[in-house]
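Start counting at 1 in the sequence shown, then tack on 815, and there's your number in our numbering.
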Amino acid sequence: MQSQPATIVPILLPRAFLQPPVSEPSEESLAAASGSSFSGQPAAFIRDQLESLGPRLLRTVGSVTAEVNSASLPKELAVIVNDLTATNYPTHMLAVYAPVPKNASRASIPQTEVKLYPVHALLMASHCARLGPFAPSPTTDQIPTPASNPSTITLPVRPMCLPSPETFPVLLNYLYLRRQEVLFDAFLPTGLSFEFVDNCNSTEHVISLGKDFGTKFNASTLLRHVKVIQGIWSNACVLGVFDEGLWAAIDSCYEVLLNVLAIGTSTSSSQA
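This is the structure in structure tokens:
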């Protein structure tokens, strides 16, 4: 029996993931997230102040545990903060979910999957220009004291529809840490050279890394990472995240993958 030839499905990729026009968060959003401490500080100043606190804040939100016992999403949620050295409690719980597919019939729509993420509203508000003001939270102005036992706090729940819920944890970690390595680890399939990490905008380093990847990874692996970059990009566009380090990582890592895929496609065509 003669075997059927393999079906080739063309994949169209954009030349680049374009950045929307840059904008800054509104004063209303910053004031709502800051509480009584707000006195007109610009978003850039707040971001710089939070950068040194980021690792500690991320450790605190990573220690939070919660249980949802109802089928519907509650307006607020009691959570346990297990970080006994917390200096800033999270203020809100984000309930992240994907949009309903267009033209989907009611019968074919799967049950909405919702993932919960405790966050500090001020960090989100200072980075996300298109995110409206957060509702008041009882922990906004609360200053934790060192504890011998985990603390129970109540957080308002904020629903958030994002095009790529599965990549939101990577973006959230980056906003807390402001370290491009967080993005590189998600965007590319292996550890990177110090030269690329130190200057990912270098054309020389992008080309060199692309040549290295071309000998190690197949197209399916590379396309899987392209999907991650696209997911982070789409979330950043919706939220209005214009961090320079984020966009440099998106541009350079996508360029690496695109170069490798182009070389592989050209080689396959010449061998056909």
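We treat Cβ as the ideally placed atom computed from N, Cα and C, and that holds for glycine. Note that the coordinates shown come from a computational prediction; the quantities given were computed from them, not determined experimentally.
Is the CB-CB distance between residue i and residue j below 8 Å?
| i | j | result |
| --- | --- | --- |
| S841 | V896 | no |
| I1047 | S941 | no |
| V894 | P933 | yes |
| Y912 | P980 | yes |
| A910 | V929 | yes |
| C1068 | F999 | yes |
| I1022 | N1074 | yes |
| P961 | T906 | no |
| A886 | L931 | no |
| H1020 | F1032 | no |
| P978 | P914 | yes |
| L1072 | L1037 | yes |
| H935 | L872 | yes |
| A831 | D1066 | yes |
In terms of residues, what are the limits of the beta strand (DSSP E) holding residue i?
| i | result |
| --- | --- |
| C943 | Premise fails: C943 is in no beta strand (DSSP E) and is neither H nor E. |
| I1044 | That residue, I1044, is in no beta strand (DSSP E); its alpha helix (DSSP H) goes 1034-1054. |
| I895 | 891-896 |
| A910 | 907-912 |
| L865 | First-last for L865: 858-866, but that is the alpha helix (DSSP H), not the beta strand (DSSP E). |
| K930 | 930-934 |
Taking residue i as part of the alpha helix (DSSP H), name the residues at either end of that continuous run.
| i | result |
| --- | --- |
| P870 | 869-877 |
| L998 | 995-1002 |
| L899 | Unbroken run through L899: none, as it is neither H nor E. |
| L845 | 842-849 |
Is it buried or exposed for residue i, if we count other Cβ within 10 angstroms and need 16 for buried?
| i | result |
| --- | --- |
| A1064 | buried |
| S1084 | With a pLDDT of 38 at S1084, under the threshold of 50, the predicted position of this residue should be treated as unreliable, and no value is reported. |
| N884 | exposed |
| C976 | exposed |
| V972 | buried |
| E996 | exposed |
| N1050 | buried |
| L1054 | buried |
| E1070 | buried |
| V1041 | buried |
| A859 | exposed |
| S952 | buried |
| D863 | exposed |
| I826 | exposed |
| T927 | exposed |
| V879 | buried |
| T954 | buried |
| S852 | exposed |
| L1003 | buried |
| G756 | Residue 756 is absent from the model: the chain starts at 816 and stops at 1087. |
| S838 | exposed |
Alpha carbon to alpha carbon, how far is residue i from residue j?
| i | j | result |
| --- | --- | --- |
| E866 | N918 | 42 Å |
| V876 | V1043 | 23 Å |
| T902 | L938 | 15 Å |
| G947 | Q957 | 22 Å |
| Y989 | P974 | 21 Å |
| L888 | A847 | 23 Å |
| P916 | S854 | 42 Å |
| T1018 | G850 | 44 Å |
| T1030 | L1024 | 10 Å |
| Q1086 | F1057 | Bear in mind that the predicted position of Q1086 carries a pLDDT of just 37, short of 50, making it too unreliable to give a figure here. |
| L987 | I1078 | 33 Å |
| N1016 | D1027 | 17 Å |
| T1082 | S1035 | Note that T1082 scores a pLDDT of 44, beneath 50, so its modelled location is shaky; the value from the coordinates is reported in the next line. Looking at the two C-alpha atoms, the distance is approximately 16 Å. |
| T982 | M908 | 17 Å |
Does residue i get closer than 8 Å to chain D when you measure Cβ to Cβ?
| i | result |
| --- | --- |
| P829 | This model lacks chain D altogether, as it is built from one protein chain only. |
Every unbroken alpha helix (DSSP H) within the region 958-1022, with a cutoff of 4 residues, ordered by chain:
Listed in chain order, the complete alpha helix (DSSP H) runs (minimum 4 residues) inside the region 958-1022 are 983-992, 995-1002, 1009-1013.
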